Every structure is written in structure tokens, then in C-alpha cells.
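Undergrad: Residue numbers (my numbering): 32 to 524. Just so you know, even glycine gets a beta-carbon here, dropped at the ideal spot from N, CA and C. Owing to the predicted nature of the structure, the values given are computational and were not obtained by experimental measurement.
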Ligand code: NAD
């Protein structure tokens, strides 16, 4: 693959490359450019040069390119699904749903083409008006993670471009190919040169450099909280606006009156989607003591039935890379050493030869987890879940909220009073009641606490890419009275 800068596909300026391995097989998949600071400078200069004409173009004209790109993605969606399976380790249904999400995101934002508005505010007298324009910020840096390598890109590019910003995209080094594919579709759709640029390379090298670049105005980043915190510090250099979508530690609560089969199905989705590598993944399972045994017996049964291996016929994919697999092994080893009972899994699976070097880990359940344990406090990001019994609503709210993260949460109950109470008392950006995720384009994806800042989706998400600018006007003629300026100073003038 290549970088895309100022309308040209090119190698990294020092020709350096990085390797990408298949999560399914552990084999080398290909290489991609290790972009340099020079490449970043070039991309940012191109985005700067392209800004005036792109922002002047008007929203409906920009939307046409988004519609066209969505159409091209739709027509060629099999290619993107294949990439998501190969480089992202997705199973077939996950790859399919993610491409649906990509198309939906782009179309959703394009449909705002004639819906964006500013305000006119009355001034201190009838001749005075304050025009509040919503204007693009300028150069947006979009930094994306590997876990949804296409959907996260679409969710950033579409609103940033529709609103007239120009973009430098820096995808994760674990999944550069999906970004390249999507950028190609925008190029085919007619995006003018310099408006959208793609730079790949190590986050710790060019990422650091790009976020403190003095020319950028907005950083939209999805990734881990620790990276978000680094970015926030660096961004103080240029006072860039931040949209930070960071880590999660979703509680999944099954109350005593829940429809158990429904809760179990949603739990299976929330835990095993993307091998548990999702910011809205269930990471803490709280079950009412009255139904604990029957729920767990069924959960164990389902867990044993989960298949791994061939992405076209399995239920659970691999971890993204060897480091992630080693991390999960360590989480489980630490739990074992702390004396926890591993009810299921707890090891790598025995798979057919083609997948035996892939980064697979068995779905794992760890029982009776203490609330203060790292299992309940730190993001696991794999197919491992801790469980605990709860008995009162006070305990439910206390334990659910006892997290430094605050993105998604799940509650299963038939009690309308509890539903309403939970809607207010569970302090998470998303509360899913009796249903699975993921978030919708028309919802506002946001989190409390260390999950980040601002959000994506809905009109609120679009407005994150627009700066509210105020123009004060006075249509009166002749003398103007200013309290602190003596009129006689101007006599005879
Ligand atoms: P990560 O933080 O390691 O990397 C995210 C991106 O930041 C990558 O493109 C990476 O190259 C870049 N980066 C790394 N260091 C950087 C630096 N110093 N400066 C600038 N950029 C840098 O995260 P990841 O492992 O790719 O993704 C997993 C994390 O993302 C999890 O914590 C998950 O919860 C979170 N996530 C959150 C959401 C959400 O919507 N809240 C969605 C998906 C994933």
C-alpha cells in the first residue's frame, strides 16, 4: 500500500516499511509505509492549501462526493469485507455488519447536506443582530483504532468532510489497508486533491508529531485512554479542539426478572463481538443472585458451543496481534494466581493446522470477581469476562458506576420502574436496556469519565466539526452612543 498526499499515491519519504501479520494465521500479510515527519508536513500543507476551495464549495456539493463514495463502497463491498477478515481478524458476519455500518455512516452524514443551520440572535436594540455562523475548523487530524478499522474511519471522514474541513487520516498500524481502500473510494468519487490525505506509520512517532502540529485545528481520535491522554497534553500546543472516544468497561446487568434467553443472546453478542475487542464490550457481568445459577449454567453451555478458526464458519475471531494475545494470557494467569475460579476457557484453543498460529484465545469466564480486582477495573479487551452476584438495586448502581470508564452499559429487566431509574442513575454515555448495541448513527456516541471528550453521531456529532463564529452587526446610521466614550470628544468633526 501507499500514502495518499496532495492527490498522489506515494511511498514514505525515507522508503521505510512496516509489516502486517494476519491475526488468523500469524503469517505475513503485506507491508505498508512507515510515514515520516516530512510526509506529515506535506500532508498538512496539502490540507491547508485545499481548505479554502473545499470549504467554499457548499455543503450540497460536498455531499455529492459522500453519496458517490457510499455508492462505490456498496458496489464493491465484498473487497472491503475480505480486507476486514484478513487484516482485522473479523468473522464473516462481523465484516458484513461493519461494511453496512460504513455505508450507513456516510449516507447518514451526507443527508445533512441541506439541514445545517446557524442562528441570528437579537442584539441590544432592533438594529443590532448577532449572526452565529457554523464554520469548519480547518485541518482535521483523524486518528483511528484497529478494532473497527473501516467504521471508525467512515465515522470521522464523513462529518469532517461534509462540514468543509480538510483531513489528514492516520489509521492504526494494525489495520492500514481498510483505510487505504476507503480513501481510494473517496478519490474515485471525486474528492479534490489535498482535501483528504492518508499517512500511515507508528502512532508513537508520527502520531505524536501530527497532534502537536501548529497548523491543525481539530483532532478526532478513537483509541485507548492512555493514548488519548497523551494527545490531550500535546494538543495544548495548538489548542486543537478534541473529540476523544476512548476506553470502556461496560457492566452487563441481568436482573432477577430478566428474560434470560434474551439476556444471554445479547450477552453473547456484547462479549464475543470482535473477540471482545470492542469499546462497548461487556466486561463485567453482574447477575441477580436469584437467577445466577440458571443463567451461568446456560452461559457456560453457550460458551462451550462457540467455534473458532475459519472466519467464514466460526463464531469468535482471533485477537488482533501477538501482543494482544500475550496480554490476554497474562490477565488470565494473574486471575489464576489470585485464586479465581476459571469456569471456562483459560487457554488457547486447539485448532486445525491453518489457524494454529493465529492469535486465538478460548472464551473465558472467571467467577466471583471482586469489585476492586483489575478484572473489574481495567479494560480487558478480549474474550474474557468476570462475573459477580448482586442482590439489591443499591448494589447494582454502585457497582455499575464504580469504574473509571463510562461508555456503554447494559441492563436486562422487565421492571419499568427499574428501567427508568437506571436510565438516570447509570452514569454511562450509553445505557442499552433489553437490547444489544452497537450505537446508531443517529445516536450520540459519548462517554463519561476517562472514556473521553465530545462524541460522534447525530446532529450533536456533526456540530463537533463546526466552530460557532459570531458576527456582530449594527444597521443603524448616524451617531452611535458609547457610554465610556465622551460625545464632546468628537464635536466639530
Ligand atoms: P491505541 O490508543 O493504541 O491507538 C489508537 C490510534 O492512536 C492508532 O492509530 C495509533 O497509531 C495512534 N497513536 C498511538 N500513539 C499515539 C500518539 N502518541 N499520538 C498520536 N496517535 C497515537 O488504541 P487501539 O489499540 O488501536 O484501540 C483500542 C482502544 O480503542 C481500546 O481502548 C478501545 O476501548 C478504544 N476504542 C474506543 C472506541 C470508542 O468509541 N470510545 C471505539 C473503538 C475503540
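Is the beta carbon of residue 91 sitting closer than 9 Å to the one on residue 300?
TA: To locate residue 91, count along the chain shown from 1; it is residue 60. To locate residue 300, count along the chain shown from 1; it is residue 269. Contact: no.
Undergrad: Does the distance between the C-beta of residue 252 and the nearest non-hydrogen atom of ligand 3 fall short of 8 Å?
TA: Absent from the structure shown: ligand 3. Ligands present: ligand 1.
Undergrad: Got a sec? Which residues, its chain only, sit under 6 Å from residue 80 by beta carbon, not counting five neighbours each side?
TA: Your numbering for residue 80 matches position 49 in the chain shown. Closer than 6 Å at Cβ, skipping near neighbours: 225.
Undergrad: Return yes when the Cβ of residue 380 is within less than 9 Å of the Cβ of residue 303, no when it is not.
TA: Taking the first residue of the chain shown as position 1, residue 303 is located at position 272. Taking the first residue of the chain shown as position 1, residue 380 is located at position 349. Not closer than 9 Å, so no.
Undergrad: Would you please state the rounded distance, in angstroms, between the beta carbons of residue 491 and residue 420? I believe it to be under 8 Å.
TA: Here residue 491 refers to the residue found at position 460 when the chain shown is read from its first residue. Here residue 420 refers to the residue found at position 389 when the chain shown is read from its first residue. No, residue 491 and residue 420 are not in contact; Cβ-Cβ is about 38 Å, not under 8 Å.
Undergrad: Fully enclosed by the stretch 233–291, which alpha helix (DSSP H) runs are 4 residues long or longer?
TA: The qualifying runs are 239–242 and 256–266.
Undergrad: With distances taken from CA atoms, which of 376, 157, 272 and 405 is nearest residue 339?
TA: For the purposes of this step, residue 339 is taken as residue 308 along the chain shown, with counting starting at 1. The shortest C-alpha separation from residue 339 is found at 376.
Undergrad: Looking at residue 229: is its Cβ nearer than 9 Å to the Cβ of residue 200?
TA: Within the chain shown, numbered from 1, the residue matching residue 229 stands at position 198. Within the chain shown, numbered from 1, the residue matching residue 200 stands at position 169. Taking 9 Å as the Cβ cut-off, residue 229 and residue 200 qualify as a contacting pair.
Undergrad: What are the uninterrupted segments assigned as alpha helix (DSSP H) that are 4 or more residues long and contained completely in the stretch 342–425, given in chain order?
TA: Qualifying alpha helix (DSSP H) stretches, in chain order: 353–368 and 405–408.
Undergrad: Using C-beta distances below 6 Å, list every residue in its chain close to residue 310, excluding the 5 sequence neighbours before and after it, in chain order.
TA: As a working note, residue 310 is residue 279 in the chain shown. The answer, listed in chain order, is 279 and 438.
Undergrad: Do residue 187 and ligand 1 come close, with the Cβ less than 8 Å from some heavy atom?
TA: Along the chain shown, one-based indexing puts residue 187 at 156. Result no, Cβ not under 8 Å from ligand 1.
Undergrad: In chain order, what residues of the same chain have a beta carbon less than 8 Å from the beta carbon of residue 335, not counting five sequence neighbours either side?
TA: Within the chain shown, numbered from 1, the residue matching residue 335 stands at position 304. 375.
Undergrad: Note down the Cα distance separating residue 471 from residue 367, rounded to an integer number of angstroms.
TA: As a first step, residue 471 must be located in the chain shown, where it is residue number 440. As a first step, residue 367 must be located in the chain shown, where it is residue number 336. Rounded to whole angstroms, residue 471 to residue 367 spans 38 Å at the Cα level.
Undergrad: For residue 165, name the three-state secondary structure that DSSP assigns.
TA: Taking the first residue of the chain shown as 1, we reach residue 165 at position 134. Three-state result, residue 165: strand.
Undergrad: Just tell me which of 78, 469, 473 and 431 has its CA closest to the CA of residue 454.
TA: Against the chain shown, residue 454 aligns to sequence position 423. Looking at the Cα atoms, 431 is the closest of the given residues.
Undergrad: Smallest Cα separation from residue 214: which of 195, 188 and 203?
TA: Residue mapping note: residue 214 aligns to position 183 of the chain shown, counting from 1. The residue with the shortest Cα to Cα distance from residue 214 is 188.
Undergrad: Under 8 Å: do the stretch 350–361 and the stretch 264–271 share three or more Cβ pairs, one atom per stretch?
TA: Too few Cβ pairs lie closer than 8 Å, so no.
Undergrad: Within 10 angstroms of the Cβ of residue 258, are there 16 or more other Cβ atoms? Answer buried if so, exposed if not.
TA: Stepping through the chain shown from its first residue, residue 258 is reached at position 227. Counting Cβ neighbours within 10 Å, residue 258 comes out buried, since at least 16 surround it.
Undergrad: Use the C-beta contact count for residue 517: other C-beta atoms within 10 angstroms, 16 or more gives buried, fewer gives exposed.
TA: For the purposes of this step, residue 517 is taken as the residue at position 486 of the chain shown. Exposed.
Undergrad: Could you give the residue range of the alpha helix (DSSP H) that holds residue 96?
TA: Mapped onto the chain shown, residue 96 falls at position 65. Start and end: 90–106.
Undergrad: Using only the alpha-carbon positions, how far apart do residue 49 and residue 65 sit?
TA: Within the chain shown, residue 49 is the residue found at index 18, counting from 1. Within the chain shown, residue 65 is the residue found at index 34, counting from 1. Those two C-alpha atoms are separated by around 6 Å.
Undergrad: Should residue 55 be labelled buried (16 or more other beta-carbon atoms within 10 Å of its own) or exposed?
TA: Counting from 1 along the chain shown, the entry for residue 55 is found at position 24. Burial call: buried.
Undergrad: In terms of residues, what are the limits of the beta strand (DSSP E) holding residue 463?
TA: Here residue 463 refers to the residue found at position 432 when the chain shown is read from its first residue. Start and end: 461–464.
Undergrad: Quick one: is residue 285 buried, meaning 16 or more other Cβ sit within 10 Å of its Cβ, or exposed?
TA: One-based indexing of the chain shown puts residue 285 at position 254. Residue 285 should be labelled buried.
Undergrad: Where in the stretch 36–60 do unbroken runs of the beta strand (DSSP E), each at least 3 residues long, occur, reported from the N-terminal end onward?
TA: For the stretch 36–60, whole beta strand (DSSP E) runs of length 3 or above, ordered along the chain, are 39–41 and 48–52.
Undergrad: Within the 9 Å Cβ cut-off, does residue 202 reach chain E?
TA: Going by chain labels, chain E is absent from the structure shown, which holds only one protein chain.
Undergrad: Anyone know if the C-beta pair for residue 126 and residue 112 falls short of 9 Å?
TA: Residue 126 sits at position 95 when you count from the first residue of the chain shown. Residue 112 sits at position 81 when you count from the first residue of the chain shown. Yes.
Undergrad: Is the closest heavy atom of ligand 1 to the C-beta of residue 291 under 8 Å?
TA: In the chain shown, the residue the question calls residue 291 occupies position 260. False, no ligand heavy atom lies under 8 Å from that Cβ.
Undergrad: To the nearest angstrom, how far is it from the Cα of residue 341 to the Cα of residue 406?
TA: Locating residue 341 in the chain shown gives position 310, counting from the first residue. Locating residue 406 in the chain shown gives position 375, counting from the first residue. About 29 Å.
Undergrad: Less than 8 Å between C-beta atoms, sequence neighbours within five positions excluded: which residues of the same chain meet that for residue 168?
TA: The sequence position of residue 168 within the chain shown is 137, counting from 1. Closer than 8 Å at Cβ, skipping near neighbours: 196, 248, 249, 272, 496, 497 and 498.
Undergrad: Run the CB neighbour count on residue 385, radius 10 Å, all protein chains shown included, and call it buried at 16 or more, exposed below.
TA: Within the chain shown, numbered from 1, the residue matching residue 385 stands at position 354. Residue 385 is exposed by the Cβ-count criterion.
Undergrad: In chain order, what are the residue ranges of uninterrupted beta strand (DSSP E) at least 3 long that sit wholly in the stretch 306–336?
TA: The stretch 306–336 contains these whole beta strand (DSSP E) runs: 313–319.
Undergrad: Return yes when at least one heavy atom of ligand 1 lies under 8 Å from the C-beta of residue 476, else no.
TA: As a working mapping, residue 476 is identified with position 445 in the chain shown. Residue 476: yes, Cβ under 8 Å from ligand 1.
Undergrad: Which of helix, strand or coil does DSSP assign to residue 111?
TA: To locate residue 111, count along the chain shown from 1; it is residue 80. DSSP places residue 111 in helix when its eight states are reduced to three.
Undergrad: How is residue 170 classed by DSSP in three states: helix, strand or coil?
TA: In the chain shown, counting from the first residue as 1, residue 170 sits at position 139. Correct three-state label for residue 170: strand.
Undergrad: Starting from the Cα of residue 478, find the closest Cα among 457, 493, 445 and 464 and give me that residue.
TA: Here residue 478 refers to the residue found at position 447 when the chain shown is read from its first residue. It is 457 whose Cα lies nearest to the Cα of residue 478.
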